[in-house]
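For reference, the structure discussed in these notes is given below.
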Amino acid sequence: MLGDLDDRGHEDIKELGCMYFQKPFSFGEISAWLDEREKQMDLSQPLGMRRKEKRAEANEVMKCLVAGHDELVEGIVLNKSTLGLCLKIKYPVRDGQTIAVRSGLSPSCRVASVQWARAAGDGSYMTGLKYA
728 MLGDLDDRGH EDIKELGCMY FQKPFSFGEI SAWLDEREKQ MDLSQPLGMR RKEKRAEANE
788 VMKCLVAGHD ELVEGIVLNK STLGLCLKIK YPVRDGQTIA VRSGLSPSCR VASVQWARAA
848 GDGSYMTGLK YA
């Protein structure tokens, strides 16, 4: 969305392949543009996720200690990378909360922070963790 931009600025934006809306604009303009984009999408294909790093599929049990909760919680790691993991647990967590995780037989823990969390619908919670 743009306010006041000269012709060169408009050319730069077009060269980047971006769409812009000059102020003042109507929501009808945005709606029409979104409708056109939707026609270009192949909705039969699953949505892809772009990550900074590759994630390896996993199905391993992990023990963790959630900040503010005084007993170990068991979770299932769904995927992982060197930067973090996706964990399914039976304890509700919130964004920014700290969790100490321990995998396998290793006696050491790694500290991670909750990047996102949501209810999974079966009484458990999905959470994305980033190692500190």
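In my numbering, the protein residues as written are 728 to 859.
Idealized CB from N, CA, C, for every residue including glycine.
Being a predicted model, the structure only gives us computed values, none of them experimental.
In the DSSP assignment, LYS741 falls within the unbroken alpha helix (DSSP H) covering 734-743. Taking C-beta atoms as the reference points, LYS790 and ARG735 fail to come closer than 8 Å. As the crow flies, the alpha-carbon of ARG837 is around 17 Å from that of LEU805. In this chain, the beta strand (DSSP E) harbouring SER840 covers 837-846. In the three-state reduction of the DSSP assignment, GLN824 falls in the coil class, being assigned neither a helical nor a strand state.
Per DSSP, reduced to three states, the secondary structure at GLU784 is strand. In this structure THR825 touches ALA794 by the C-beta definition: roughly 4 Å separates them, less than 8 Å. By the CB criterion at 8 Å, LEU814 and LEU856 fall inside the cutoff. Exposed is the label assigned to ALA846, since fewer than 16 other Cβ atoms lie within 10 Å of its Cβ. Annotation for GLU765: the continuous alpha helix (DSSP H) segment containing it runs 754-767. Per DSSP, LEU812 is one residue of the beta strand (DSSP E) stretching across 811-816. The beta carbon of VAL800 sits closer than 8 Å to the beta carbons of LYS790, CYS791, LEU792, VAL793, ILE816, LYS817, TYR818 from its chain, once the five residues preceding and following it are set aside; these are given in chain order.
Per the coordinates, the alpha-carbon of LEU810 lies some 6 Å from the alpha-carbon of TYR858.
Under DSSP, LEU856 takes part in a beta bridge, and its partners are LEU812, VAL841.
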